[in-house]
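One structure below.
Protein chains in written order, with this note's numbering: chain A, 4 to 430; chain B, 4 to 430.
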């Protein structure tokens, strides 16, 4: 008997998981490695950070998702190095995995642009732990505001700054506005939660700059209605425990006392991106350190190595790199699964082609913007599109019925029932 | 205008929360202090520890629960000292609260009987953080078992020891048996999760020794069906990272290699118990450090100080102290609320009288034991009683609809959807 073809997948995000699923019936030995035991539905992370959903509502054990694929095993471990020569992946546990085909979908983290000293005061929003830390920070600031008698201190405690006006920052800002304006408004005795300030800081001249300008303008209006102040053309020059310093394009500096800062700017590829580029003797595709791949999503000169998801820099039809969304990652994952199966069967593999579904973002309780090829929507209709797509996606992973129960409950009551301060947050 | 009567309640558990609720219409200024921002439905903590429920399913912000009581404020802080002379509570934040009436419901923690060095290896099950730590430990042990090739190591990883055969230990053991036997059985490739061993260690001669012996025997049988080994007449003499040492009553020592140890034995009162006793010039009621109170639940010589819930040692009709259950704590809380209102109105206060509802414990998916005055039940009928009572209680706190969705889903599929390894657990 011929030994089985060994496929190693690094990462259980949208890209890696979809690749594994598409390989479920392949005549191969599939190993998926992730440093977490769960697949995370990252687009809803901001809802955990604002107490609308629980971690388990947006995270499902990878093992359970791939339970029925008898050719697949799941390892809780972290890939720390890849030897393209020896076709070997080194794991943090010390073990090594040999591969015939490698799929790298290790994703991206965040960067403070050389200011790692800001990290303790401005947590990002990439992992479940980040989300529960941010949640604790936000809620604890309100609690401290209730206890203090000092007006300046209270003002500081009730000021939040979100850095980065992309979809993540916008959704987070909307949810925080909703929290202060509608969820907590009767919960405190010494101040009105509606006086809380949420500042959304963006360094370019408009928020959501990958969206159509009209939609971005609508999003800005919707944020304003939720009490969010949008500050464009500002760069963050300092973050401390007590404040954020902003510099506007005309050089003016502004000092904002703020207790809560959330980092939604700056993306940095997994270190594996650099390792792959070095191993293949090429340069990373961009400053973030993504790995450049060809039309078939493989590394130059390494047809057995696929790079997909946020870690890959894939050129679209217009020559620009494809955006880093769940949707793109999923399609890449599915493509790789099919491509590998075609190869194993000796068939020709067509290049990857994105079926562009567009992008969308939700702002507050029932407002969204949808930017698709065929249509642009805003407001309540767009929110329905958002809801429908998310219901479809969540259901495809697992019967996350409780999410819809939570959403239905929150929609009616404007309550957010997962408002827990657990472990130590920032303060 | 006469200044308002100031009531300070320490603790937002079953006792403190019910006292606050019963004081909602009192002509008084009520302040509830808790070190967490949520009320915890502790009886279901074992379901969080085994991935059946999420933290937010069993925890609700105290602030939200008391939102409508305009006479009540909630402070996130910790009471560290009480000055009975000055009628003052000192808080961890440095602030102090003056009171006219004090209600102390600070509860109990756990003790390792002088072996605090066991703590890192044998987490208890008292807080939400404990539950997520235990959950991570259990799940990580299975993950490591999947990765190892060493049979001894795997056997150790698949062995769990629960110390303490009271209701907490029994419910936890049942849930762990259920997890290994029915939830995870198809998730691993290198071993059969059904081979996992769960040992329940009790130092007296039977588990659940506050229950009727017949029910305890039924519980033991039900545990056995879930693969749990009950070891009675054994004391723990050592816990390390790799093992537990047990000593049986005849002096024999046994060394059990085990990766997961859960501490469900040994209760120790909040330090406030001792502080109250010293302040009142009396001895603590027991070795655990509970405060002795009279028939009206006040401290001797201090009619303005009530002690309720697990921290109080209240003599029942039979002269024995009342047990430390949610049910008793709730009744005490409600009594105190009424008593204070009666006093404020100049009315006579009758002594506290427990309406004894009995006790119950659930074992696995659909088996429970119920020990009531009027009846003793076991099996499926008892489970219905358990379910009904918990539904009533959960609903009375908040519309925790998602709990029933989870339960319905788990009942049908035997899945447990909150199987997340978050933060660093033990290993």
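Ideal Cβ placement from N, Cα and C applies to all residues, glycine included. Treat the numbers as computed from the prediction; the structure is a model and nothing was measured.
- prompt: Listed in chain order, which residues of the stretch 119–132 of chain A have Cβ atoms closer than 8 Å to some Cβ of chain B?
  reply: Of all residues in the stretch 119–132 of chain A, 131, 132 have a Cβ within less than 8 Å of some Cβ in chain B.
field: Where the alpha helix (DSSP H) through residue 14/A begins and ends
entry: In the first chain, the residue the question calls residue 14/A occupies position 11. Counting along the chain, residue 14/A sits inside no alpha helix (DSSP H), nor does DSSP assign it H or E at all.
query: Among the residues of its own chain, which have a CB less than 6 Å from the CB of residue 291/A, if the five just before and after it don't count?
result: The sequence position of residue 291/A within the first chain is 288, counting from 1. Same-chain partners within the cutoff: 270, 271, 272.
For residue 364/A: DSSP bridge partner residues: Within the first chain, numbered from 1, the residue matching residue 364/A stands at position 361. Under DSSP, residue 364/A shares a beta bridge with 372/A.
- request: Could you tell me the distance, in whole angstroms, from the CA atom of residue 262/B to the CA atom of residue 246/B?
  value: Position 259 of the second chain holds residue 262/B. Position 243 of the second chain holds residue 246/B. Counting only the Cα atoms, residue 246/B lies some 7 Å from residue 262/B.
- prompt: Does the beta-carbon distance from residue 197/A to residue 184/A come in below 8 Å?
  reply: One-based indexing of the first chain puts residue 197/A at position 194. One-based indexing of the first chain puts residue 184/A at position 181. Going by C-beta atoms, residue 197/A is nearer than 8 Å to residue 184/A.
query: Do we get a CB-CB distance below 8 Å when we pair residue 307/A with the residues of chain B?
result: Residue numbering aside, residue 307/A sits at position 304 when the first chain is read from its first letter. No, because no Cβ of chain B sits closer than 8 Å to the Cβ of residue 307/A.
query: Roughly how many angstroms lie between the CA atoms of residue 314/A and residue 170/A, to the nearest whole one?
result: For this step, residue 314/A is matched to residue 311 along the first chain. For this step, residue 170/A is matched to residue 167 along the first chain. Between the C-alpha atoms of residue 314/A and residue 170/A there is a straight-line separation of about 19 Å.
field: Residue nearest to residue 165/A in terms of C-alpha spacing, selected from 201/A, 194/A, 147/A
entry: The residue you call residue 165/A lines up with position 162 of the first chain. By alpha-carbon distance to residue 165/A, the top candidate from 201/A, 194/A, 147/A is 201/A.
query: To which residues does DSSP link residue 258/B through a beta bridge?
result: One-based indexing of the second chain puts residue 258/B at position 255. Bridge partners of residue 258/B: 248/B.
message: Assuming residue 309/A is part of the beta strand (DSSP E), what are its boundary residues?
response: By one-based count along the first chain, residue 309/A stands at place 306. First-last of the beta strand (DSSP E) with residue 309/A: 305–310.
Close-in-space but distant-in-sequence residues of the same chain around residue 429/B (CB under 6 Å, 5 per side omitted): Numbered from its first residue, the second chain carries residue 429/B at position 426. Note that residue 429/B scores 36 on pLDDT, short of 50, meaning its location in the model is unreliable; the coordinates nonetheless yield the value given after this. Excluding residues within five positions, the ones whose Cβ falls inside 6 Å are 140.
task: Would you mind listing the alpha helix (DSSP H) stretches within the stretch 281–354 of chain B that are 4+ residues and don't spill past its ends, in chain order?
output: Whole alpha helix (DSSP H) segments, 4+ residues: 329–347.
Sequence-distant residues of its chain with Cβ nearer than 7 Å to residue 318/B (five each side left out): Your numbering for residue 318/B matches position 315 in the second chain. Correct list, in chain order: 324.
- prompt: Since residue 415/B meets chain A, which of its residues come closer than 7 Å, beta carbon to beta carbon?
  reply: Counted from its first residue, the second chain places residue 415/B at position 412. The contacting residues do not exist; residue 415/B stays about 10 Å from chain A at best.
- request: Return yes when the C-beta of residue 362/A is under 7 Å from any heavy atom of the ligand PLP, and no when it is not.
  value: Only the bare structure without any ligand can be found here, which leaves the ligand PLP out of the picture.
message: What are the residues in the stretch 17–50 of chain A lying within 9 Å of chain B by C-beta distance?
response: If the cut-off is 9 Å between Cβ atoms, the stretch 17–50 of chain A has 39, 40, 41 near chain B.
query: Is any beta-carbon of chain B found at less than 8 Å from that of residue 422/A?
result: Looking up residue 422/A in the first chain gives position 419. Among the residues facing chain B, residue 422/A is included, as its CB has a counterpart in that chain under 8 Å away.
- request: For the beta strand (DSSP E) containing residue 237/B, list its first residue and its last residue.
  value: The count along the second chain starts at 1 and reaches residue 237/B at position 234. Note, residue 237/B: beta strand (DSSP E), 237–242.
- request: Might you give, ordered along the chain, the residues of its own chain that have their beta carbon closer than 7 Å to the beta carbon of residue 357/B, omitting 5 neighbours on each side?
  value: Indexing the second chain from 1 puts residue 357/B at position 354. Scanning its chain for C-beta atoms nearer than 7 Å, with the 5 sequence neighbours on each side dropped, one finds around residue 357/B the residues 319, 325, 331, 334, in chain order.
message: Below 8 Å on the Cβ atoms is my contact criterion, and I expect residue 31/B with residue 9/B to pass it. Report the Cβ-Cβ distance as a whole number of Å.
response: Along the second chain, read from residue 1 onward, the residue named residue 31/B stands at position 28. Along the second chain, read from residue 1 onward, the residue named residue 9/B stands at position 6. Confirmed, Cβ separation roughly 7 Å.
task: Enumerate, from N- to C-terminal direction, the unbroken alpha helix (DSSP H) stretches of 4 or more residues contained entirely within the stretch 7–94 of chain A.
output: DSSP runs (the alpha helix (DSSP H)) wholly in the stretch 7–94 of chain A: 17–25, 48–52, 65–68.
- request: May I ask you to list the residues that DSSP assigns as paired with residue 232/B?
  value: The residue you call residue 232/B lines up with position 229 of the second chain. 202/B, per the DSSP bridge assignment.
field: DSSP state of residue 380/B mapped onto helix, strand, coil
entry: As a position in the second chain, residue 380/B is number 377, starting the count at 1. In the structure shown, residue 380/B sits in a strand (DSSP, three-state: E or B).
Of the listed residues 101/B, 127/B, 275/B, nearest to residue 312/B (C-alpha basis): To locate residue 312/B, count along the second chain from 1; it is residue 309. Nearest in C-alpha terms to residue 312/B, of all of 101/B, 127/B, 275/B, is 275/B.
message: According to DSSP, residue 271/B sits in a beta bridge with which residue or residues?
response: For this step, residue 271/B is matched to residue 268 along the second chain. According to DSSP, residue 271/B shares a beta bridge with 112/B.
query: Given a threshold of 16 other Cβ atoms within 10 Å of its Cβ, counted over all protein chains shown, does residue 95/A qualify as buried or as exposed?
result: Sequence index remark: in the first chain, residue 95/A carries index 92 (1-based). Per the 10 Å Cβ criterion, exposed.
message: Helix, strand or coil for residue 130/B? Go by DSSP, reduced to three states.
response: Numbered from its first residue, the second chain carries residue 130/B at position 127. Coil at residue 130/B, not helix or strand.
query: If you pair each beta-carbon of the stretch 145–153 of chain B with each one of the stretch 300–312 of chain B, do three or more pairs fall below 8 Å?
result: Between the stretch 145–153 of chain B and the stretch 300–312 of chain B, the count of C-beta pairs closer than 8 Å stays below three; the two stretches do not touch.
field: Residues bridged to residue 163/A (per DSSP)
entry: As a first step, residue 163/A must be located in the first chain, where it is residue number 160. Its beta-bridge partners are 201/A, 263/A.
Through-space distance from residue 37/B to residue 81/B, alpha-carbon basis: As a position in the second chain, residue 81/B is number 78, starting the count at 1. As a position in the second chain, residue 37/B is number 34, starting the count at 1. The alpha-carbon atoms of residue 81/B and residue 37/B are separated by roughly 6 Å.
- prompt: Does the distance from the C-beta atom of residue 138/A to that of residue 54/A stay below 8 Å?
  reply: Locating residue 138/A in the first chain gives position 135, counting from the first residue. Locating residue 54/A in the first chain gives position 51, counting from the first residue. Cβ atoms of residue 138/A and residue 54/A: closer than 8 Å.
message: Quick test of your reading: residue 65/B and residue 77/B, contact by CB under 8 Å. State the CB separation rounded to the nearest angstrom.
response: The residue labelled residue 65/B in the question sits at position 62 within the second chain. The residue labelled residue 77/B in the question sits at position 74 within the second chain. Confirmed, about 5 Å.
task: Say whether the stretch 211–218 of chain A touches the stretch 370–388 of chain A, bearing in mind that this needs 3 or more beta-carbon pairs closer than 8 Å, one atom from each stretch.
output: Yes, the stretch 211–218 of chain A is in contact with the stretch 370–388 of chain A.
message: Does the CB of residue 408/A have a neighbour CB from chain B at under 8 Å?
response: Your numbering for residue 408/A matches position 405 in the first chain. Yes, contact with chain B.
query: Candidates 420/B, 48/B, 413/B: which alpha carbon is nearest residue 174/B's?
result: Position 171 of the second chain, counted from the first residue, corresponds to residue 174/B. With distances taken between CA atoms, residue 174/B lies nearest to 48/B out of 420/B, 48/B, 413/B.
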